[in-house]
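Just below is one structure, and these are the notes that go with it.
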Amino acid sequence: MYKIAVLPGDGTGPEVVREGIKVLEATGVEFDPTYFDFGGDRYLRTGETLPDSASAELRQFDAIYLGAIGHPEVAPGVLEKGILLRLRFELDQYINLRPVKLYPGVDCPLKDKGPEHIDFVVVRENTEGLYTGMGGFQYKGTPQEVSTQVHCTTRFGAERAVRFAFGLARKRKKMNQLHLVAKTNVLTFVHDTWWRAFNEVGAKDYPDVKREYAHVDAACMWFVKNPEWFDVIVVENMFGDIITDLGAMIQGGMGIAAGGNINPQGVSMFEPIGGSAPKYTGQNVINPLAAICAGQMMLAQLGEEQAADRIEAAVIRALSSGKIESLSAGRMGLSTTEVGDLIAGYVAEG
Ligand code: IPM
Ligand code: MN
Numbered sequence: 493m494y495k496i497a498v499l500p501g502d503g504t505g506p507e508v509v510r511e512g513i514k515v516l517e518a519t520g521v522e523f524d525p526t527y528f529d530f531g532g533d534r535y536l537r538t539g540e541t542l543p544d545s546a547s548a549e550l551r552q553f554d555a556i557y558l559g560a561i562g563h564p565e566v567a568p569g570v571l572e573k574g575i576l577l578r579l580r581f582e583l584d585q586y587i588n589l590r591p592v593k594l595y596p597g598v599d600c601p602l603k604d605k606g607p608e609h610i611d612f613v614v615v616r617e618n619t620e621g622l623y624t625g626m627g628g629f630q631y632k633g634t635p636q637e638v639s640t641q642v643h644c645t646t647r648f649g650a651e652r653a654v655r656f657a658f659g660l661a662r663k664r665k666k667m668n669q670l671h672l673v674a675k676t677n678v679l680t681f682v683h684d685t686w687w688r689a690f691n692e693v694g695a696k697d698y699p700d701v702k703r704e705y706a707h708v709d710a711a712c713m714w715f716v717k718n719p720e721w722f723d724v725i726v727v728e729n730m731f732g733d734i735i736t737d738l739g740a741m742i743q744g745g746m747g748i749a750a751g752g753n754i755n756p757q758g759v760s761m762f763e764p765i766g767g768s769a770p771k772y773t774g775q776n777v778i779n780p781l782a783a784i785c786a787g788q789m790m791l792a793q794l795g796e797e798q799a800a801d802r803i804e805a806a807v808i809r810a811l812s813s814g815k816i817e818s819l820s821a822g823r824m825g826l827s828t829t830e831v832g833d834l835i836a837g838y839v840a841e842g
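With positions in the sequence shown counted from 1, the corresponding number in our numbering is that position plus 492.
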């Protein structure tokens, strides 16, 4: 019996989480879900983003399942920093794991690319870089205004991300290859730390894993031109944020893109990466597949590999069946609940 903290969150978050839970239950793995109301509505009502006790409480769970955080009536940054980033930091979820996999039957915007070309994983560092909040204003509101936002890389942070990524490259048994994506020609301090961590750790502890490097701008080009070159990528936080949205598009869009905020020694949090999509709230038209795939990642992290594989097989079966017309909200040809029912049915059969 797994104790799961469920944070449905804002916008369409609750609708997709409902379908995700339905599918998780169809696997037969036993869950004891506890719901938390963190999000924009709670903030508007109480003025509080997260109670100070939240991370201590969440640490008691086996995993966290998150819908989406983001509310049109709340200023940018308040909920992101106050809830999502705070949880990532306080729970030390130092890996943001984002698989980019094109399933059969899914429309790919890249000409002449199919499932055989698009199957890689981005290991995004999740607690450092430009996200630490270091920096600030001087002379704010005057013509002399100065603002800084510091990129903070630690050897410790780069090294643990790099180790995780090398381990994953080995485990995947695909190309046994790890790309470092960075900008060593401009960010000659912070990305030099990454470069040395990558090469030193690789040479010493993972000599069997092939090391490759791409500048982040070139990586964007290769994602479009030659996505088949990638197996596992390790990347710092901000560049990882950007390239994983590009990755989501080449795997069929936000309707299917899932991610995991991983603390390998602690509690991890799984989420569809598409956000709260407020304009679709309550219409039963949002695609729940990303949330369902996040549930699959959660099972895999919990060690329930077989159940995770059954969800993936059910997703592939549904996508190949032609029953889902498009992955975009409102154009699926099925409602949110119907997609959830379809997958849950396949999972129960499989
Ligand atoms: C993501 C999101 C977040 C991020 C935002 C909402 C703070 O874009 O999970 O990729 O930048 O990490
Ligand atoms: Mn993002």
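Just so it is clear, CB atoms sit at the ideal spot from N, CA and C, and this is done for glycine as well.
Remember, it's a predicted structure, so these values are computed and weren't measured experimentally.
Bridge partners of Pro607 according to DSSP: none are assigned.
A residue is listed when its beta-carbon falls short of 5 Å from at least one non-hydrogen atom of the ligand IPM; in chain order these are Glu572, Asp733. Shown here, Ile778 sits in coil according to DSSP, grouped into three states, outside any helix or strand. Comparing alpha carbon positions, the residue from Cys600, Thr619, Asp723 closest to Pro591 is Asp723. Relative to the ligand MN, the nearest heavy atom lies less than 7 Å away from the CB of Ile765. Short note on Asp737: C-beta closer than 7 Å to some heavy atom of the ligand MN.
Counting the other Cβ atoms within 10 Å of the Cβ of Tyr838 gives 16 or more, which makes it buried.
About 6 Å separates the beta carbons of Leu622 and Gln641, which is inside the 8 Å limit, making them a contact pair. Per DSSP, His671 is one residue of the beta strand (DSSP E) stretching across 669-674. For Ile610 and Met713, the gap between their C-alpha atoms comes out near 14 Å. For His683, no beta strand (DSSP E) run applies; the uninterrupted alpha helix (DSSP H) run containing it begins and ends at 682-697, by DSSP. Counting along the chain, Glu830 sits inside the alpha helix (DSSP H) bounded by residues 828-841. DSSP places Tyr772 within a helical segment (H, G or I) once states are collapsed to three.
For Tyr557, the enclosing beta strand (DSSP E) starts and ends at 555-560. DSSP, read as helix, strand or coil, puts Lys632 in coil.
Just so you know, the alpha carbons of Leu579 and Asp533 end up roughly 18 Å apart. The continuous stretches of alpha helix (DSSP H) do not include Tyr623, and DSSP gives it neither H nor E. With a cut-off of 8 Å on Cβ pairs, the stretch 791-803 is not in contact with the stretch 768-779, counting fewer than three such pairs.
For Met741, the uninterrupted alpha helix (DSSP H) segment begins and ends at 729-742. For Thr640, the enclosing beta strand (DSSP E) has its first and last residue at 638-641.
According to the DSSP assignment, Val498 belongs to the beta strand (DSSP E) that extends over 494-501. Among the bridge pairs identified by DSSP, Cys644 is matched with Gly621. By the neighbour-count criterion, in which a residue is buried when 16 or more other Cβ atoms sit within 10 angstroms of its Cβ, Gly649 is buried.
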